[in-house]
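A short worksheet on the structure shown next.
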Amino acid sequence: MLLRQLLNIAIFGTSLAFLPLAANAAADIGKPAPAFSVKTANGDTLSLDSLKGKTVVLEWTNNECPYVVKHYGSGNIPNLQKDAVAQGIVWLQVISSAEGKQGHLDGPSAIKLNTERGAAPSKVLLDYDGKIGKQYDAQTTPHIFIINPEGVLVYKGGIDSIATAKVEDIAKADNYVKLALGELASGKKVSHASTKPYGCSIKYAS
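Following my numbering, the numbering of the sequence shown begins with 1 at its first residue and continues without gaps.
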């Protein structure tokens, strides 16, 4: 009897030990994207639930990161944003850099910067506490996630296939984001659903 009780405690304890890991699991391809509600650079609040029925792109950014500078300075990300928004896609730029860390911008500064560099995200999300970033396990800037109109995560990873800060490599790279959005619009399964992100580490508060 005692052996059985000890066995039950051991099994029960083991299963409990895994519960926090499940609760904090990273966003998974083919599963509902983690919900969020967050303040935007415009001063309003945006929830993912309010965007059901639309394709949503989450783009983690840090304007001081050389990899981000590469894709904005060349016009690569601004052009992707403009093309996406023109198709009715919601493109959300996410700033998870904590106050006092590289890439941190207040709302007005983020809007001004986007105007100066010709960027056209639908909204800028101010994730200063890193809650959304950690929900999605966002690791680098840039790091891209795509959510389909049903609220399911269909892509996560790098913007393209060549992990450098060299502008000249953009033309030679496979643009995974452009490819994924095109396949999604055509009703196809995303062929490269999970790729390796590259860039600067996200400057979380902790």
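Note that the Cβ used here is the ideal one computed from N, Cα and C, for glycine as well. In this text, all values refer to a predicted model and were calculated from it rather than measured experimentally.
- In chain order, 169, 172, 173 place their CB closer than 7 angstroms to the CB of residue 162, counting only its own chain and leaving out the 5 sequence neighbours on each side.
- In the three-state reduction of the DSSP assignment, residue 69 falls in the helix class, which pools H, G and I.
- Spanning the alpha carbons of residue 68 and residue 28 requires a straight line of approximately 25 angstroms.
- Beta-carbon to beta-carbon, residue 193 and residue 154 are separated by about 6 angstroms, close enough to satisfy the 8 angstroms threshold.
- Contact annotation: the stretch 175 to 186 touches the stretch 78 to 95, with at least three C-beta pairs closer than 8 angstroms.
- Rounded to whole angstroms, residue 106 and residue 126 show a C-alpha spacing of 8 angstroms.
- No residue range can be given for residue 48, since it is assigned to no alpha helix (DSSP H) and is classified by DSSP as neither H nor E.
- For residue 182, there is no enclosing beta strand (DSSP E); the residue is part of the alpha helix (DSSP H) that begins and ends at 176 to 185.
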